[in-house]
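Engineer:
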Amino acid sequence: MGEWGLTNSGTYRNLIWPWTENRCAIAFSCVEPKITYERLKHVINFTSTHGIFPEKVRPDGFWILFGYLTSHSSFVYALNSLLCNDNGKELFIGVGFPKEWQDVSFRNIFTISGYGVSLMLKKGRVKQLIIVNCRDFERQITINLLNQSFGKEHRILKVKLKPGQNKIL
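Residue numbers (our numbering): 103 to 271.
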């Protein structure tokens, strides 16, 4: 329980707050992306069969309050951050993926700096990577693609992106 800040069971401040777990996942997406996946996996444990997140969870697992948009929107934001995110200088794409994720495809996930990312990963190999530069000027960025568990598919690329769509791979 200490890992999640649950040091004094039974007190209000020591509840699990799924939306704060999601916000933590977002924060780690550009620092230690594998933690993003672990945090999301933890939050998924608290979903109902209808995809509902509680606002809070007691240390004994009992739900308090149901279906708050804060939890849902922060989960979507965290999931998008797991797919791709940037810190202004480096664009992280799939860096937090577990090696079991061999077939992943997403289109038009936009980062805060104005990069639209589309990726197609089949059998652990990158089949397509397209980045849209939403600015009206050319920008240089370092792309950190996947992680070491993907072998040769893990790459760090320095690219210049023209305004509009840029096919990288």
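Every residue gets a Cβ at the ideal spot worked out from N, C-alpha and C, and that includes glycine.
According to the neighbour-count rule (16 or more other Cβ atoms, all chains shown, within 10 Å of its Cβ), is Val197 buried or exposed?
Structural biologist: What you label residue 197 is simply residue 95 of the sequence shown in a count that begins at 1. Buried.
Engineer: Write down every uninterrupted run of the alpha helix (DSSP H) in the stretch 123-159 whose length is 4 residues or greater and which is fully enclosed by it, in chain order.
Structural biologist: Correct list: 135-146.
Engineer: Out of Asn187, Gln242 and Thr151, which has the shortest C-alpha to C-alpha gap to Ala127?
Structural biologist: Within the sequence shown, residue 127 is the residue found at index 25, counting from 1. Checked all of Asn187, Gln242 and Thr151; the closest Cα to Ala127 is Asn187.
Engineer: What are the start and end residues of the beta strand (DSSP E) that includes Cys186?
Structural biologist: Locating residue 186 in the sequence shown gives position 84, where the first residue counts as 1. Counting along the chain, the beta strand (DSSP E) containing Cys186 begins and ends at Cys186 to Asp188.
Engineer: Assuming Ile211 and Leu247 are in contact, meaning their beta carbons sit under 8 Å apart, how far apart are those beta carbons, in whole angstroms?
Structural biologist: Position 109 of the sequence shown, counting from 1, holds the residue named residue 211. Position 145 of the sequence shown, counting from 1, holds the residue named residue 247. Not quite, the Cβ-Cβ distance comes to about 14 Å (not below 8 Å), so this is no contact.
Engineer: Assuming Leu142 contacts Leu184 under a Cβ cut-off of 8 Å, what Cβ separation, rounded to an integer in Å, is found between them?
Structural biologist: Taking the first residue of the sequence shown as position 1, residue 142 is located at position 40. Taking the first residue of the sequence shown as position 1, residue 184 is located at position 82. So it is a contact: roughly 6 Å between Cβ atoms.
Engineer: With a 10 Å radius around its C-beta and 16 neighbouring C-beta atoms as the bar for buried, classify Pro135 as buried or exposed.
Structural biologist: The residue you call residue 135 lines up with position 33 of the sequence shown. Buried is the call here.
Engineer: Around the C-beta of Leu223, are 16 or more other C-beta atoms found within 10 angstroms, so that it is buried, or is it exposed?
Structural biologist: What you label residue 223 is simply residue 121 of the sequence shown in a count that begins at 1. That one is buried.
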